[in-house]
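> Protein sequences appear in the order of chains V and E.
Residue numbers 1 to 110, in my numbering, belong to the letters of the first sequence in order.
Residue numbers 1 to 120, in my numbering, belong to the letters of the second sequence in order.
All residues carry an ideal CB built from backbone N, CA and C; glycine is no exception.
Pasting in a structure now, in structure tokens, and then I'll have a few things to ask.
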Amino acid sequence: QSALTQPPSASGSPGQSVTISCTGTSSDVGYYNYVSWYQQHPGKAPKLIIYEVTKRPSGVPDRFSGSKSGNTASLTVSGLQAEDEADYYCNSYAGNGNVVFGAGTKLTVL
Amino acid sequence: QLQLQESGPGLVKPSETLSLTCTVSGGSISSSNYYWGWIRQPPGKGLEWIGSIYYSGNTHYNPSLKSRVTISVDTSKNQFSLKLSSVTAADTAVYYCARHRYGVCDFDYWGQGTVVTVSS
């Protein structure tokens, strides 16, 4: 299984929206509605912010939203805030108990 | 509040076996529907799933690491463990343990991570 493809970087100004893509294959992202997104600040453990493509865990602001089309999932951060600056990772179920992560995207708030 | 804590040596020699344990507190490792996984992150790089285990002992491993990985569970101690054999410098990473639902792979609780360096 290959890592999911994410852009290395993304950026936006405070208050703007930014979308990060996560491209897999018809065997993982395209087949299962089990894509999750994680936010990771430097030196910290990742934090789950989206699961099952579109669902938010309790406590995650609704500024974070997820979607999927074909083999590509997307994370949108609306109303960018300074604290949103972090690394973002996607993952997907890949069948037979396997999990695959994306390479990560560094989000910069300008 | 569920908490996970990794423990084990921070330095391992090349060709030896890396051994880590994750202790779960504030909840039972025998909870239905949850798997317990290991994820690692090399310095400056992304996350890599290593493998996961159910409390019954059922395991799933990353195909690229399968030949070197063993994950086990001790329900009496509320712990699960990772062994990675024949390590090289490429195995130097922060190792995390985390909980997820089978198939959904939503890692919702994570340990703080432990740094393991492979060096002679």
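Have a look at V:GLY59, V:CYS22, V:GLU85, V:GLY66 and flag the residue whose alpha-carbon is nearest the alpha-carbon of V:GLY12.
Counting from 1 along the first sequence, the entry for residue 12 of chain V is found at position 12. Among V:GLY59, V:CYS22, V:GLU85, V:GLY66, the Cα nearest to that of V:GLY12 is on V:GLU85.
> How is the beta strand (DSSP E) around E:GLY37 delimited, first residue to last?
Your numbering for residue 37 of chain E matches position 37 in the second sequence. Taken as a continuous stretch (DSSP letters only), the beta strand (DSSP E) holding E:GLY37 covers 34-41.
> Using the beta-carbon of each residue, which ones in chain V are nearer than 8 Å to E:PRO63?
Within the second sequence, the letter at position 63 stands for residue 63 of chain E. Within 8 Å Cβ-Cβ: GLN1, ASN98.
> Taking DSSP as the reference, what is the three-state secondary structure of E:LYS83?
Residue numbering aside, residue 83 of chain E sits at position 83 when the second sequence is read from its first letter. Strand, per DSSP.
> Considering Cα atoms alone, identify which of E:ASN33, E:ARG40, E:THR88, E:ALA90 is closest to V:VAL100.
In the first sequence, counting from the first residue as 1, residue 100 of chain V sits at position 100. Checked all of E:ASN33, E:ARG40, E:THR88, E:ALA90; the closest Cα to V:VAL100 is E:ARG40.
> Of the residues E:LYS13, E:GLY37, E:GLN5, E:SER7, which one's Cα is nearest the Cα of E:GLY103?
By 1-based counting over the second sequence, the position of residue 103 of chain E is 103. Cα-wise, what sits closest to E:GLY103 is E:GLY37.
> Pick out whichever of V:ILE50, V:ARG63, V:THR23 has its Cα sitting closest to the Cα of V:GLY102.
The residue you call residue 102 of chain V lines up with position 102 of the first sequence. Per the Cα distances, V:THR23.
> Compute the Euclidean distance between the alpha carbons of E:TYR35 and V:SER78, then round it to the nearest angstrom.
Walking along the second sequence from the start, residue 35 of chain E turns up at place 35. Walking along the first sequence from the start, residue 78 of chain V turns up at place 78. Spanning the two alpha carbons is a distance of roughly 32 Å.
> Just by C-beta distance, which residues in the region 43-60 of chain V are closer than 7 Å to chain E?
Cβ contacts with chain E: ALA45, PRO46, LEU48, TYR51, GLU52, PRO57.
> Say whether chain E places a C-beta atom closer than 7 Å to the C-beta of V:PHE64.
Mapped onto the first sequence, residue 64 of chain V falls at position 64. Answer no: the Cβ-Cβ gap between V:PHE64 and chain E never drops below 7 Å.
> Report the CB separation of V:SER69 from V:VAL53 in whole angstroms; it is logged as a contact under 8 Å.
The residue labelled residue 69 of chain V in the question sits at position 69 within the first sequence. The residue labelled residue 53 of chain V in the question sits at position 53 within the first sequence. Actually they are not in contact, since the Cβ atoms of V:SER69 and V:VAL53 sit about 10 Å apart, beyond 8 Å.
> Mind checking if V:GLY24 is an interface residue toward chain E, Cβ cutoff 7 Å exclusive?
In the first sequence, the residue the question calls residue 24 of chain V occupies position 24. It does not; no Cβ of chain E falls within 7 Å.
> Just list the residues that DSSP pairs E:LYS13 with in beta bridges.
Here residue 13 of chain E refers to the residue found at position 13 when the second sequence is read from its first residue. Looking at the DSSP assignment, E:LYS13 forms no beta bridge with any residue, so it has no partner.
> On a Cα-Cα basis, can you pick out the residue from E:ILE29, E:LEU2, E:HIS100, E:ARG68 that is closest to E:SER86?
Position 86 of the second sequence, counted from the start, is the residue given in the question as residue 86 of chain E. Cα-wise, what sits closest to E:SER86 is E:ARG68.
> Pull up the CB-CB distance for E:THR23 and E:GLN79, whole angstroms please, since I reckon it's below 8 Å.
In the second sequence, residue 23 of chain E corresponds to position 23, counting from 1. In the second sequence, residue 79 of chain E corresponds to position 79, counting from 1. Confirmed, about 5 Å.
> Rounded to whole angstroms, what's the CA-CA distance from E:SER31 to E:PHE107? Just pull it up for me.
Taking the first residue of the second sequence as position 1, residue 31 of chain E is located at position 31. Taking the first residue of the second sequence as position 1, residue 107 of chain E is located at position 107. For E:SER31 and E:PHE107, the distance between alpha carbons rounds to 15 Å.
> Assign V:ASN91 to buried or exposed, taking buried as 16 or more other Cβ atoms, counted over all protein chains shown, within 10 Å of its Cβ.
Mapped onto the first sequence, residue 91 of chain V falls at position 91. Classification for V:ASN91: buried.
> Out of V:LEU4, V:PRO61, V:HIS41, V:TYR34, point me to the one whose CA is closest to V:TYR93's CA.
Numbered from 1 along the first sequence, position 93 holds the residue referred to as residue 93 of chain V. When only C-alpha atoms are compared, the closest one is V:TYR34.
> Have a look at E:THR59 and V:PRO14 and give me their C-alpha separation to the nearest angstrom.
Residue numbering aside, residue 59 of chain E sits at position 59 when the second sequence is read from its first letter. Residue numbering aside, residue 14 of chain V sits at position 14 when the first sequence is read from its first letter. Going by the C-alpha atoms only, they are around 44 Å apart.
> Quick check on DSSP: helix, strand or coil for V:GLU85?
What you label residue 85 of chain V is simply residue 85 of the first sequence in a count that begins at 1. Coil at V:GLU85, not helix or strand.
> Check whether the Cβ of E:ASP106 lies closer than 7 Å to any Cβ atom in chain V.
Residue numbering aside, residue 106 of chain E sits at position 106 when the second sequence is read from its first letter. Chain V contact via Cβ: present.
> Name, please, each residue of chain V whose Cβ falls closer than 9 Å to the Cβ of E:GLU48.
Here residue 48 of chain E is taken as the residue at index 48 of the second sequence, counted from 1. Under the 9 Å cutoff, chain V gives ALA3, PHE101.
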